[in-house]
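Since the structure comes first, as structure tokens, the remarks are kept for the end.
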Amino acid sequence: MDSYYLGIDTSAYTTSIAVLNEEGKIIIDLRRTLKVKKGSLGLRQQEAVFQHINNLPEMFNYIANEIDLNKVKTVSASVKPRNVVDSYMPVFKVAQGHAFILARALNADYKEFSHQDGHIAAGILNCEIQQLEKFLALHISGGTTELLLVENKKDVFSVEQIGGTLDISAGQLIDRVGVELGLPFPCGPYLDELSVSGNFVEKNIPISTNKTWINFSGPETFFKRIIKQHTDKPENIALTLFDCIAKSLSSIIKYAIKVYEINNILIIGGLLLIVI
1 MDSYYLGIDT
11 SAYTTSIAVL
21 NEEGKIIIDL
31 RRTLKVKKGS
41 LGLRQQEAVF
51 QHINNLPEMF
61 NYIANEIDLN
71 KVKTVSASVK
81 PRNVVDSYMP
91 VFKVAQGHAF
101 ILARALNADY
111 KEFSHQDGHI
121 AAGILNCEIQ
131 QLEKFLALHI
141 SGGTTELLLV
151 ENKKDVFSVE
161 QIGGTLDISA
171 GQLIDRVGVE
181 LGLPFPCGPY
191 LDELSVSGNF
201 VEKNIPISTN
211 KTWINFSGPE
221 TFFKRIIKQH
231 TDKPENIALT
241 LFDCIAKSLS
251 SIIKYAIKVY
261 EINNILIIGG
271 LLLIVI
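According to the UniProt record's numbering, the residues represented by the sequence shown are 1 to 276, in order.
This is the structure:
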């Protein structure tokens with residue numbers, strides 16, 4: 001008899017449900033991106049919670065038509081951003097509550113994880129890095145840019161932040177520059193498309209890194225200023241923005257590899273998944 005394992009994640013901008021079979025194969029992967037008004041820099045937590053609550057019934061109904069729910073052995077949820085004390089965001093309470101109720105109704109096991117642990121687990125799934133006891137991870141998403149030292153202790157991760165951004169995240173920089181250009185939020189895909197036909201802006205880009213730490217407020221001010229001055233094309237700004245972020249991240253990764261003597265790094269978050 002087949003067994004299933006169901007996971008729910010209600011993050012800042014996406015409602016997600018996945019189902020794995022007993023072989024660890026993903027058989028259902030549902031995602032609903034939350035809607036953000038044009039010109040806005042994001043969603044308030046109460047707005048995101050409301051959209052998650054509206055999304056989940058339809059998604060549960062789809063799953064109920066695809067598998068026998070009585071064969072679900074474990075229901076899991078992302079219940080907080082990171083696996084540290086006082087890590088909290090209201091949006092994750094939606095996943096926590098729905099997963100707990102579903103587990104009780106199905107007489108299934110219930111497990112809680114952090115959103116960041118979910119990114120790491122998804123990243124190493126069916127990957128050779130899964131066999132390593134220790135590796136580096138760079139977590140990049142809408143509100144997070146963190147360089148992590150990860151110890152893989154079988155069914156649990158020990159995660160220590162060893163670097164990242166000291167002000168705004170890479171995702172926030174991308175969205176703030178994109179909105180300044182008049183692009184819809186989240187701006188990443190639109191800037192990515194623009195950058196394909198761009199050339200580098202011929203100005204000194206302020207890149208600020210110190211060992212494993214980055215400051216992106218300087219680049220934010222720089223890009224907003226040249227947008228207001230109308231001195232460069234949007235596609236050039238997009239390409240140069242990504243180059244600025246790439247060089248900043250490359251700098252802190254190289255430093256961490258040297259200091260910690262670890263050559264394996266997992267780059268995760270949002271649409272990112274790169275293993276080096």
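We put the beta carbon where it would ideally sit given N, CA and C, even for glycine. Computed from a predicted model, the values in this text were never measured in an experiment.
Helix, strand or coil at residue i [DSSP, three-state]
i	result
ILE268	strand
TYR88	coil
TYR5	strand
GLY42	coil
PHE185	coil
residue 317	Residue 317 lies beyond the range of the chain shown here (1 to 276); nothing can be said about it.
GLU160	strand
LEU194	helix
ASN54	helix
ILE63	helix
ILE214	strand
LYS93	helix
Distance CB(residue i)-CB(residue j) smaller than 9 Å
i	j	result
ALA18	ASP29	yes
LEU6	ALA105	no
SER114	ALA95	no
ILE245	PRO219	yes
GLU180	PHE223	yes
SER248	SER208	yes
GLN51	LYS35	yes
PHE200	LEU166	no
ILE252	GLY163	yes
ASN152	ILE174	no
THR144	PRO81	yes
GLY182	LYS233	no
SER40	PHE185	yes
ILE140	GLY270	yes
ILE67	ILE27	yes
LYS203	ILE227	no
N- and C-terminal bounds of the beta strand (DSSP E) containing residue i
i	result
THR15	14 to 21
SER78	72 to 80
PHE222	Counting along the chain, PHE222 falls outside any beta strand (DSSP E), though it belongs to the alpha helix (DSSP H) covering 217 to 229.
THR33	26 to 33
GLU210	First, the amino acid is wrong: residue 210 is Asn here, not Glu. 208 to 210 is the extent of the beta strand (DSSP E) around ASN210.
Closest Cα partner of residue i within the set the options
i	options	result
LEU136	ILE8, LEU191 and ILE257	ILE257
GLY142	VAL156, GLN161, GLN131 and GLN116	GLN116
VAL91	ALA48, VAL259, ASN107 and GLN161	ALA48
ILE268	ALA121, VAL84 and ILE26	ALA121
GLY171	ASN210, SER158 and GLY188	GLY188
ASN263	LEU138, LEU102, ASP109 and THR145	LEU138
MET89	THR10, ILE27 and PHE157	THR10
TYR62	LEU43, ARG31, LYS38 and PRO81	ARG31
THR212	GLU160, TYR190, VAL196 and PHE242	GLU160
GLU93	THR144, PHE60, ILE8 and THR74	Per the sequence shown, residue 93 should be read as Lys rather than Glu. Looking at the Cα atoms, ILE8 is the closest of the given residues.
LEU56	LYS38, ILE26 and GLY97	GLY97
LEU241	SER217, ILE26 and GLN131	SER217
Delimiting residues of the alpha helix (DSSP H) encompassing residue i
i	result
THR240	234 to 260
ILE174	170 to 180
Within the region 106 to 151, ranges of the beta strand (DSSP E) (whole runs, at least 3 residues): 109 to 114 and 134 to 141
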